[in-house]
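To start, the structure under review is shown below, and the notes come after it.
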Amino acid sequence: MQDLSLHILDIVENSINASATEIRIKIVEDTKENILSIEISDNGRGMDEEMLRKVHDPFFTTKCKRTGLGIPLLAQSAKECNGDLAINTGPGIGTTISARFQYDHIDRKPLGDICKTMIVLIASNPDVDFIYEHRRNDNSYALNTAEIKKELDDVPINLPDVIKIIKDDISAWLISTNIMIQ
Numbered sequence: 003m004q005d006l007s008l009h010i011l012d013i014v015e016n017s018i019n020a021s022a023t024e025i026r027i028k029i030v031e032d033t034k035e036n037i038l039s040i041e042i043s044d045n046g047r048g049m050d051e052e053m054l055r056k057v058h059d060p061f062f063t064t065k066c067k068r069t070g071l072g073i074p075l076l077a078q079s080a081k082e083c084n085g086d087l088a089i090n091t092g093p094g095i096g097t098t099i100s101a102r103f104q105y106d107h108i109d110r111k112p113l114g115d116i117c118k119t120m121i122v123l124i125a126s127n128p129d130v131d132f133i134y135e136h137r138r139n140d141n142s143y144a145l146n147t148a149e150i151k152k153e154l155d156d157v158p159i160n161l162p163d164v165i166k167i168i169k170d171d172i173s174a175w176l177i178s179t180n181i182m183i184q
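Residue 86 in my numbering sits at position 84 of the sequence shown, and the numbers go up by one each step.
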């Protein structure tokens, strides 16, 4: 995977496949502490100890594809940048995956188009509530699709006009904080 937003997309797809109805994506870019952290948590089925051991194996997957590269590749990307990956999970309690990277490490992959990733997730999964939090130093942004759905009443969140408003809102924040949008 060429950028971290694709890792996020892959991990969130795992959450959706685990029947999650709420998924939190938290990104913290702390240039002063030289850390980039990504945390994805869900209220899905969670994993037992045996599955937790297996998810680090690139040849294990619960999907129809032949390999389960998502978590092993994210772990490798973090390790290559003086970081790490942690998984907190259990049956019935959901899963939290946390990855930390040295922010200025030469091998750290770019964040990528996080706006596009969020839009794809929201538009493709209107029944899932997404909480997207992004902090870059002293600037922060938060989006909660459950709150947006309340405001929309019976209007579908994945209606093109609604998706455009959400996309424009995320993009405006990313541009205002000088976060690259590809």
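Glycine is no exception: its CB is placed at the ideal position from the N, C-alpha and C atoms.
In this structure, DSSP gives residue 113 a state outside helix and strand, which the three-state scheme calls coil. Look at residue 9 here: in three-state DSSP terms it is helix. Around the beta carbon of residue 161, a 10 Å sphere encloses fewer than 16 other beta carbons of the protein chains shown; the residue is thus reported as exposed. Between the C-alpha atoms of residue 107 and residue 121 there is a straight-line separation of about 28 Å.
DSSP places residue 4 outside both helix and strand once states are collapsed to three, so it counts as coil.
Taking all protein chains in view, the Cβ of residue 88 is surrounded by fewer than 16 other Cβ atoms within 10 Å, so the residue is classified as exposed.
The Cβ-Cβ distance between residue 41 and residue 79 does not fall below 8 Å.
The Cβ atoms of residue 46 and residue 77 do not sit closer than 8 Å to each other.
When the Cα atoms are used, residue 125 and residue 12 turn out to be separated by approximately 16 Å.
In the displayed model, residue 108 falls within coil according to three-state DSSP, outside both helix and strand. Beta-bridge partners assigned by DSSP to residue 26: 43 and 133.
Shown here, residue 163 sits in a helix according to DSSP, grouped into three states. Comparing alpha carbon positions, the residue from 35, 158 and 16 closest to residue 48 is 16.
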